[in-house]
Ligand code: AMP
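In my numbering, the protein residues as written are 37 to 242.
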């Protein structure tokens, strides 16, 4: 199965994509995680992408597509994978259609107000990329999965979140129509607790 998780920043793509990956035994391909790893390792690709990411802009299609193609060629993707944060433009979606056949697109539905609220409290693990919310962390400051000190992502600053939302509406939201036309889109409401959303995601994938 090749599955896309679509939705604005902070809609829970990473969280829900990871749960489905664990259940299905297929890898999660997060272009955001890949780009952050490239930045951490100071590769030429990472250096090229950094300014765009920090400003909340999209990284050029050509760069992201090259990186994704390389990842998709790995043997663990042969039987399927979940795309998290890719495609984000119509050009990327068209390119992806030439590489694999997409089975289903899960669209996580959330209002801009709810996103702003969620992003304020988001903390992430710089080592394993797990994501948390301050409301549920209490006084804990390290990652439950690997013990690393959690951080606030630089591009989760409120003004950068606004820029990322504008980018989402202008460049990524049109993909809802793109995949609806292909009959692949299943929209899931993100209202309520994470377990309730996870149950709706499972239902959408049945
Ligand atoms: P994410 O972790 O998915 O929120 O991605 C963080 C940032 O990485 C985005 O705001 C973009 O700057 C960049 N990025 C991630 N995926 C893509 C993509 N498919 N196309 C362009 N830029 C991307």
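We put the CB at the ideal spot given by N, CA and C, even for glycine.
What residue range does the beta strand (DSSP E) around residue i cover?
i: residue 38; result: 38-42
i: residue 158; result: 158-160
i: residue 118; result: 117-120
i: residue 144; result: 140-145
i: residue 167; result: 167-169
I'd like to check one pair, residue j with residue i: are the Cβ atoms closer than 8 Å?
i: residue 99; j: residue 85; result: yes
i: residue 123; j: residue 201; result: no
i: residue 104; j: residue 65; result: yes
i: residue 151; j: residue 45; result: yes
i: residue 154; j: residue 187; result: no
i: residue 230; j: residue 51; result: yes
i: residue 142; j: residue 240; result: yes
i: residue 139; j: residue 38; result: yes
i: residue 129; j: residue 204; result: no
i: residue 191; j: residue 89; result: yes
i: residue 170; j: residue 48; result: no
Taking 7 Å as the cut-off, is the C-beta of residue i nearer than that to any heavy atom in the ligand AMP?
i: residue 54; result: no
i: residue 47; result: no
i: residue 122; result: yes
i: residue 211; result: no
i: residue 67; result: yes
i: residue 107; result: no
i: residue 74; result: no
i: residue 93; result: yes
i: residue 77; result: no
i: residue 141; result: no
i: residue 100; result: yes
i: residue 88; result: yes
i: residue 159; result: no
DSSP three-state label for residue i, please.
i: residue 57; result: helix
i: residue 135; result: coil
i: residue 89; result: helix
i: residue 221; result: strand
i: residue 64; result: strand
i: residue 185; result: strand
i: residue 148; result: helix
i: residue 178; result: strand
i: residue 80; result: helix
In terms of residues, what are the limits of the alpha helix (DSSP H) holding residue i?
i: residue 98; result: 97-108
i: residue 198; result: 194-203
i: residue 206; result: Segment: none, residue 206 is in no alpha helix (DSSP H) and carries neither H nor E.
Can you tell which of the options has the C-alpha that lies nearest to the C-alpha of residue i?
i: residue 57; options: 46, 178, 118, 237; result: 118
i: residue 196; options: 38, 92, 47; result: 92
i: residue 172; options: 181, 185, 183, 157; result: 157
i: residue 71; options: 143, 136, 97; result: 97
i: residue 43; options: 120, 236, 132; result: 120
i: residue 233; options: 69, 145, 83; result: 145
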